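> Right, I'll just put the structure down here and ask away after.
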Amino acid sequence: MIQYALKCKDGHSFDSWFQSAEAYDKLAAAGMVTCAVCGSTQVEKAIMTPRVRPARSAVATPPVPDAAPAPKLSEPTSDMEKALAEARKQIEENSDYVGKDFASEARAMHEGEAPERSIYGEANLEDAKSLIDDGVPVTPLPFMPNRKTN
150 MIQYALKCKD GHSFDSWFQS AEAYDKLAAA GMVTCAVCGS TQVEKAIMTP RVRPARSAVA
210 TPPVPDAAPA PKLSEPTSDM EKALAEARKQ IEENSDYVGK DFASEARAMH EGEAPERSIY
270 GEANLEDAKS LIDDGVPVTP LPFMPNRKTN
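What follows is the structure, given as structure tokens:
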């Protein structure tokens, strides 16, 4: 396993673990490495300090008492990140997640074939453009939906 410091085109910094350097390269080339803050796929490795471990026989030094704890990556740190987290929470609590069926569900509601309700999900670029061209009221969200994986 290897940990990389990453940075997106908008300057958001975050860390992520990969099985190997080759795995990172393959995922990045496929557009599958996304910013943890904004979802951008334009992500690159940031400069990072190598982590050097002391010898096993070395005695651990106590932590510096006045050092501020590092922020958790799962918690928003800036006002904008907090606002995005709150918007996401509201959307997820008040809308139905329809996953990859978003385009067909939105179109069915627009055409009166399905009852109107608040939904969110995923659509590829072609389907999203088609919805907009046809006057279906949709908007991209500034975050990626949580994906549950096994």
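Here the numbering used here is used: position 7 in the sequence shown is 156, and no number is missing along the way.
We put the beta carbon where it would ideally sit given N, CA and C, even for glycine.
None of the values given here were measured: they were computed from a predicted structure.
#1: Mind listing, in chain order, the continuous alpha helix (DSSP H) runs of no fewer than 4 residues lying wholly within the region 249-297?
#2: Out of C157, V247, G160, D174, point me to the one whose CA is closest to S267's CA.
#3: Identify, in the order they occur along the chain, each residue of the same chain with its Cβ nearer than 8 Å to the Cβ of I196, setting aside the five sequence neighbours on each side.
#4: Name the one or two DSSP bridge partners that I196 has.
#5: Counting C-beta neighbours from all protein chains within 10 Å, is the total for L280 16 or more, i.e. buried, or is it exposed?
#6: Mapping DSSP to helix, strand and coil, what is E245?
#7: Quick check on DSSP: helix, strand or coil for Q239?
#8: Go to A154, then tell me how far its beta strand (DSSP E) extends in each direction, as first and last residue.
#9: Would you mind reading off the limits of the beta strand (DSSP E) that contains S162?
Well, looking at it:
#1: Within the region 249-297, the complete alpha helix (DSSP H) runs of at least 4 residues are 251-259, 274-282.
#2: As a first step, residue 267 is located in the sequence shown; it is residue number 118 there, counting from the start. Minimum Cα distance to S267 is reached at V247.
#3: By one-based count along the sequence shown, residue 196 stands at place 47. Hits under 8 Å: A154.
#4: Translated into the one-based positions of the sequence shown, residue 196 becomes position 47. According to DSSP, which records beta bridges pairwise, I196 is partnered with nothing at all.
#5: Here residue 280 refers to the residue found at position 131 when the sequence shown is read from its first residue. Buried is the call here.
#6: Here residue 245 refers to the residue found at position 96 of the sequence shown. Before going further, note that residue 245 is Asp rather than Glu in the sequence given. Reduced to three states, the DSSP call for D245 is strand.
#7: If you number the sequence shown from 1, residue 239 lands on position 90. Reduced to three states, the DSSP call for Q239 is helix.
#8: As a working note, residue 154 is residue 5 in the sequence shown. Element bounds for A154: 151-157.
#9: Within the sequence shown, the letter at position 13 stands for residue 162. First-last of the beta strand (DSSP E) with S162: 162-167.
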